[in-house]
Structure formats: structure tokens, C-alpha cells
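Peer 1: Numbered according to mature numbering (1 follows the signal peptide of the UniProt record, and there is no 0), the sequence shown spans residues -23 to -1, 1 to 413.
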Amino acid sequence: MKNLSTLCITVLLFSILSLYSCQKEQSFEQNQSGATGGNNSFIPGWTFKNNDKTFTGCVDTAYFDQSTGIKVLSIEGSDAPGNAFMIFLYSPSGNITKTTYTGAQGSGIIVSDSTGNTYISGATASTFSFTVTAITDTSISGNFSASLTDPVTNAAYMITSGTVNALIGKANGCSQNTGGNTGGGTGGGTGGNTGGNTGSTSEYTLVSSGTACADVSLEGNYNTGVALTSANKAIIQVNVIKTGTWNITSETVNGIKFSGSGTFSTTGAQSIILSGSGTPAETGSFDFPFSTGTADCNFTVSVIGAGTASCNPTDNTANFSSVGTVSFYSVAHDPNVGGYTITANGMGGDLSLQFAGTTQPKPGVYHVKQVGGASAVDDVAVYAVAGSILWQSSQGNVYVTVTNNKVTAVICDVPFSGSLGGPSFTTKLTAKITEK
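(1) At 3 residues or longer, and completely inside the region 80 to 105: list those beta strand (DSSP E) runs for me, N to C.
(2) Comparing alpha-carbon positions, which option in 26, 109, 205, 31 lies nearest residue 251?
(3) Would residue 195 pass as a contact of residue 274 if the rule is Cβ separation under 7 Å?
(4) Let me check understanding here. Comparing Cα to Cα, which of 99, 61, 136, 66 lies closest to residue 30?
(5) Would residue 294 pass as a contact of residue 302 if the rule is Cβ separation under 7 Å?
(6) Quick check on the DSSP output: the beta strand (DSSP E) that includes residue 405 runs from which residue to which?
(7) As a quick exercise: from 108, 83, 307, pick the residue whose alpha carbon is nearest that of residue 325.
(8) Tell whether a beta-carbon distance below 7 Å holds between residue 116 and residue 144.
(9) Can you tell me the Cα-Cα spacing of residue 370 and residue 203, whole angstroms?
(10) Closer than 6 Å by C-beta to residue 298: which residues in its own chain qualify, once you throw out the five before and the five after it? Chain order, please.
(11) Between 387, 323, 335, which lies nearest to residue 447 when the distance is taken from Cα to Cα?
(12) Quick one: is residue 20 buried, meaning 16 or more other Cβ sit within 10 Å of its Cβ, or exposed?
(13) Where does the unbroken beta strand (DSSP E) through residue 468 begin, and where does it stop?
(14) Out of 400, 187, 70, 56, which one is the CA nearest neighbour of residue 50?
(15) Whole angstroms are fine: how far does the CA of residue 95 sit from the CA of residue 338?
(16) In the DSSP assignment, find the beta strand (DSSP E) that holds residue 198 and state where it starts and stops.
(17) Nearest-angstrom Cα distance between residue 241 and residue 191?
(18) Could you tell me the alpha carbon to alpha carbon distance between residue 367 and residue 267, rounded to whole angstroms?
The following block contains the structure:
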């Protein structure tokens, strides 16, 4: 799918959607009626009109997002020329039923056209309307219309006669023949295919451990708004039963997908390399499911926000505005069960950063939390000791880079507070530490 980083930034304009994460559920049991899940005539795809031009394409993915009891159905689609959209349907009850959902209820649509312009619907019923015509646990059909605006230029974008058929939490095959009204080729969106032996002559199974693909090696950095390059790869293990060609493509999840092809010349255990493409839209951990028809598994990609520190202090120092500067003689990491921890020790104080997870943090922007508060993939618990005071904070950012497999973390003018058992104190911390 087209770069969706701008799209997901504008999602924040939806007040109801700003509360939920992008944790994907593979299925959400609704027990609704209205469409037959086993209907062989169900063809995933979408179409709508804009200024009398008809656009038609493929559904890349459809899934339920869930956080703190709020469930939002997301539908993503694209076409060959590069037009893309994301529809969000919100129901206060958590169940999507055969009714009409509008912008006034927290539902909406975001469109990115092939020239890079972004349009978003508003928070009124007149700016977005989606009528569910059929719904099951694993599929949805509906009609929609919208009046959108470019938040930068204020340009208008009208959608009429919109229709969509999507499988929820499943691969959406692409059978559309047109890619918009500009005459630009065939319908896009291979992201709906979970891959496997489609169009291949070999037979193989995915090596898995439970539902997870076993021994996956994920290469490259994954940051919001930064397009993947040739460095972004997933190496997965397979067991080849019959030699021949292979071709596998993941779903498009959070704006990116993995795909690869080749030829197996021998049978038995082997590894295949899948190349990543697209641009991550949101931070978080995202599952990429694969299927060969005889085995299913998935692997997880963690996406961190992109950003560069606004300061560049002397390496392995920390300046406390109310205390002074501490120089560190030791900076080391400990991949303990509590999280990957970097500890800096100096004559006048110490600084500790604990990331969620036991693996080395990837480059990007991490959010400062108090001790024990790092839970999300882009959280880091920070505390410091200086002037005999234990300092903590729950605001600000830590900027991480990795060079020669050594982590550098930079903190710029972040407020911290502490006490000596009586009165409380405040300070601002600017620091830079690099693993030795």
C-alpha cells in the first residue's frame, strides 16, 4: 500500500480513535448474521467515484484494533496507480452490525491519492457515512460516501457510490481488473495474499513453534514514515517437500509487507529471504501471518517512531540543571528479564535506561517512563541519581542510534523530579551515553 504515515498522523483528529492501539486481532467473534461466511461468490475489492471518475482496487487487509475495551474495524485498500484509503468503523458496543456508521460516532475515512495528497473526513455525519449491508465474523460488505478535506491545503475530495467487500483477519485475494479511472494498468494490492505455493511448482511447509514462525531473523530498522530499503529483510525457515519454484507474499500490515521468490533445488530444511517494502505508518508491534496451505505461522515486526535529537551533549555525560554535570566512566548493558538495561556509572551520579524486551533497542524515538513503566515497544524507564537524589520522569523522549552494534541514547532538556524524603526538587536532564 502507498505511504500511510501521513494518514495515521491525521487519525489523531478522530478523538475516539486516539485511544486505541494497533494491536491486531486475527478474529473477533461477533456472532452476527447477515452474510454467509462460506459464500463462494464473495469477492474482496472496492470501488468509489470522485468527480465522476471511478476508482477500483483491492483490499489489502481488514482487522479489528482493540485497546481498553474499544474495538475499531479497520479496512485498508489500494489500487495500481497508488491511491490508498483507510476506513475506520467504531461501535460503542464493540460489535459491528448491519447499520450505518458516521463521522459523528467516531468513524471515518482517510485517503491518500497517487500524487501524495492526503484527505480526511470530519467528525460530522455529513462528512462520512458507511452502511453495513452484510457482516459475519470474517467478512464485511458495505456502501460508503464521504466529504474529505486536505488538512494542509484545505482542498476538498468527494467520494460517492463507494462499495467494499473485505475478509476480516484473512487474506483478501485480488481479482480487480482496473486501477482507477486514469487508465493506469491493473488493480493493485498484492498485500492481501498470505503467500505460500500460489503460482509455484514446489511444495514446502513453514517451520513454526506454536503460531510463531521458528527462528526468524529480522534485519533492518523499522521507523514510522521511513520507507523500507533493501536492508529490510525477514529470513524464515521452511521444510521443502518437492523441489521447484516458490513465491510468497505477506499481508500488508501497518503499511508494509514482505515478499520473495526463488527456486528450491533440493528438499529438506532451508531458509528463504523475504524483502520488506512500503512505509510503516504507526508505532507498535505487528504480526505478519503466512500460510502455505498446510502450515501457518507469523512473525512480529516492532516499529519505532523516527526522529533526531535536538541536542548533542558530550558523550557519556549528564547535565542536571540544578545539580551540575556528571561524567560516566562506565556504560554497560544488561539484557536481563526485566528489559534491556543500559547503566552509566560516574563519580557524581548514575543513569539507568531500561527498555521493554530483552533485545537491543532499535534506532528511533522512545518515550520516557518511570521505573517499571516500560511496557510498549517504544517505552524506556529512566532514572538517575545525582546530588544524593533519585530522579525520575514520565515525560519527554530518548533518542536512540546504533553504531557498530553499540547503542547511543540522547536526552534533551527533559524535566525530572526527586526528593530527599522531605521537600521535592526538580531539574532538567540533558545527557548522552554510549555503550562501551
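Glycine is no exception: its CB is placed at the ideal position from the N, C-alpha and C atoms.
Peer 2: Looking at the coordinates:
(1) List check, beta strand (DSSP E) in window: 85 to 89, 95 to 98.
(2) Nearest of 26, 109, 205, 31 to residue 251, Cα basis: 205.
(3) Judged by their CB atoms, residue 195 and residue 274 are not nearer to each other than the 7 Å cut-off.
(4) When only C-alpha atoms are compared, the closest one is 136.
(5) Yes, these two residues count as a Cβ contact at 7 Å.
(6) Segment 401 to 411, the beta strand (DSSP E) holding residue 405.
(7) Residue 307 is the option with its Cα nearest to residue 325.
(8) Taking 7 Å as the cut-off, the Cβ atoms of residue 116 and residue 144 count as close.
(9) Taking the straight line from one Cα to the other gives about 29 Å.
(10) Within the same chain, residue 298 has close Cβ partners 404, 405.
(11) The question about residue 447 has no answer, for the chain in this structure spans -23 to 413.
(12) Residue 20 comes out exposed.
(13) The chain is shown only over -23 to 413; residue 468 falls outside these bounds and no answer can be derived.
(14) Per the Cα distances, 70.
(15) Cα atoms of residue 338 and residue 95: separation of roughly 32 Å, rounded to the nearest angstrom.
(16) Per DSSP, residue 198 belongs to no beta strand (DSSP E) and is neither H nor E.
(17) Rounded to whole angstroms, residue 241 to residue 191 spans 19 Å at the Cα level.
(18) Going by the C-alpha atoms only, they are around 47 Å apart.
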